[in-house]
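Chemist: Numbers -19 to -1, 1 to 175, taken from mature numbering (1 follows the signal peptide of the UniProt record, and there is no 0), label the letters of the sequence shown in order.
Note that beta-carbon positions come from the ideal geometry of N, C-alpha and C, so glycine has one too.
Given the structure is predicted, the values throughout are model-derived calculations rather than measurements.
One structure, as structure tokens, below. Some questions next.
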Amino acid sequence: MRSLLPVLLAALVAGCTSAVPGTPTTAAEPDVQARWWTWAASSTEERNPVLDATGAHCAEDQPADLWFVAGTFGGAVERTCEVPAGRALVGPVVNFTSATAAGCEGALANGSGEVTFDGEPLGTRRLGPARVTIRGVAGNVVTGSASARQTYACGLWVTVPPPSPGEHELVIDGRGEGFRTTVRYRLVVAAASD
């Protein structure tokens, strides 16, 4: 499979600050983008959470301090995921990579999107372009190789503070020039263990 790194990618919620007042900052801008892209490149095609059509691979390689969500490489899906208690949801609504900062900025100029959590609209935050290093596994759908790769990353991002235990709905709708991704997440948040 060819590398999708230079192509528009869409996704959802990762460790940045949302435009919603009071939303905590969970990571610095270049760090969260590098972490999300590395997460997206950490699985083979068969287990990749961005390609996941059902939510079966939501938990694949998740970090311990937050919970990454993802859009798709194009198209619409519905995913059901179990999320540990106490984790902020973080990810891009729509995101891009490019060999140059100007290329990333140009792609982002045509990007837009909306996010709702339990029916309430959430603000997004524009991140980048920032120089990031992506580390993946052999055969991943982002870079295609296990070698580290430097690139510029940018996008519209959202953070959802740790949701309460129970069921929640997160809907991400991202668009770029000639590209659209829509994901409806049914999230089941576990109760905190004592």
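Should Val169 be labelled buried (16 or more other beta-carbon atoms within 10 Å of its own) or exposed?
Modeler: On the sequence shown, position 188 is the one that residue 169 refers to. Burial call: exposed.
Chemist: Less than 6 Å between C-beta atoms, sequence neighbours within five positions excluded: which residues of the same chain meet that for Asp154?
Modeler: Residue mapping note: residue 154 aligns to position 173 of the sequence shown, counting from 1. For Asp154, where only same-chain residues beyond five positions count, the Cβ hits under 6 Å are Gly94, Glu95 and Thr163.
Chemist: In whole angstroms, what is the alpha-carbon distance linking Val113 and Ala173?
Modeler: Working through the sequence shown from its first residue, we reach residue 113 at position 132. Working through the sequence shown from its first residue, we reach residue 173 at position 192. Val113 and Ala173: Cα-Cα distance of roughly 34 Å.
Chemist: Can you tell me whether Thr124 is buried or exposed, with buried defined as 16 or more other CB within 10 angstroms of its CB?
Modeler: Numbered from its first residue, the sequence shown carries residue 124 at position 143. Classification for Thr124: buried.
Chemist: For Asp46 and Val13, I'd like the C-alpha separation in whole angstroms.
Modeler: What you label residue 46 is simply residue 65 of the sequence shown in a count that begins at 1. What you label residue 13 is simply residue 32 of the sequence shown in a count that begins at 1. Approximately 12 Å between the Cα atoms of the pair.
Chemist: Look up residue 178 in the DSSP assignment and give the residues it is bridged to.
Modeler: For residue 178 there is no data in the structure shown, the boundaries of the chain being -19 and 175.
Chemist: Using the Cβ count rule (16 or more neighbours within 10 Å means buried), how would you classify Gly36?
Modeler: Position 55 of the sequence shown, counted from the start, is the residue given in the question as residue 36. Buried.
Chemist: Where does Asp33 fall in DSSP's three states?
Modeler: Residue 33 sits at position 52 when you count from the first residue of the sequence shown. Three-state result, Asp33: coil.
Chemist: Does the distance from the C-beta atom of Arg68 to that of Pro143 stay below 7 Å?
Modeler: In the sequence shown, residue 68 corresponds to position 87, counting from 1. In the sequence shown, residue 143 corresponds to position 162, counting from 1. Yes, Cβ-Cβ distance for Arg68 and Pro143 is below 7 Å.
Chemist: Would you check if the distance between the CB atom of residue 178 and the CB atom of Phe49 is smaller than 7 Å?
Modeler: Summary: the structure shown does not reach residue 178, with the chain confined to residues -19 through 175, and so no result is reported for it.
Chemist: State the CB to CB distance for the pair Tyr166 and Cys85, rounded to an integer number of angstroms; the pair is presumed to be in contact (CB under 8 Å).
Modeler: Counting from one through the sequence shown, the residue named residue 166 turns up at place 185. Counting from one through the sequence shown, the residue named residue 85 turns up at place 104. Tyr166 to Cys85, Cβ: 26 Å. No contact.
Chemist: Determine the closest residue to Ala80 out of Cys135, Val141 and His149, with distance taken between C-alpha atoms.
Modeler: Walking along the sequence shown from the start, residue 80 turns up at place 99. Comparing Cα-Cα distances from Ala80 to each of Cys135, Val141 and His149, the minimum goes to Cys135.
Chemist: May I have a chain-ordered list of the alpha helix (DSSP H) segments no shorter than 4 residues that lie completely inside the segment 78 to 107?
Modeler: If we require 4 residues or more, the alpha helix (DSSP H) runs fully inside the segment 78 to 107 come out as 82 to 90.
Chemist: Between the C-alpha atoms of Glu150 and Thr53, what's the straight-line distance to the nearest angstrom?
Modeler: Position 169 of the sequence shown, counted from the start, is the residue given in the question as residue 150. Position 72 of the sequence shown, counted from the start, is the residue given in the question as residue 53. Answer to the nearest angstrom: the Cα atoms are 17 Å apart.
Chemist: Which residues in the same chain have their Cβ closer than 7 Å to the Cβ of Pro2, if we skip the five residues on either side of it in sequence?
Modeler: Here residue 2 refers to the residue found at position 21 of the sequence shown. For Pro2, the pLDDT reaches just 32, beneath the cut-off of 50, and the residue's location in the model is therefore unreliable, although a value from the coordinates is still provided. Counting only Cβ-Cβ distances below 7 Å, and skipping sequence neighbours, we find nothing.
Chemist: Given this structure, state the Cα-to-Cα distance separating Arg28 from Ala40, to the nearest angstrom.
Modeler: Numbered from its first residue, the sequence shown carries residue 28 at position 47. Numbered from its first residue, the sequence shown carries residue 40 at position 59. Taking the straight line joining both Cα atoms gives about 10 Å.
Chemist: Give the secondary structure of Val152 by DSSP, where H, G and I count as helix, E and B as strand, and everything else as coil.
Modeler: The count along the sequence shown starts at 1 and reaches residue 152 at position 171. Val152 falls in the strand class under three-state DSSP.
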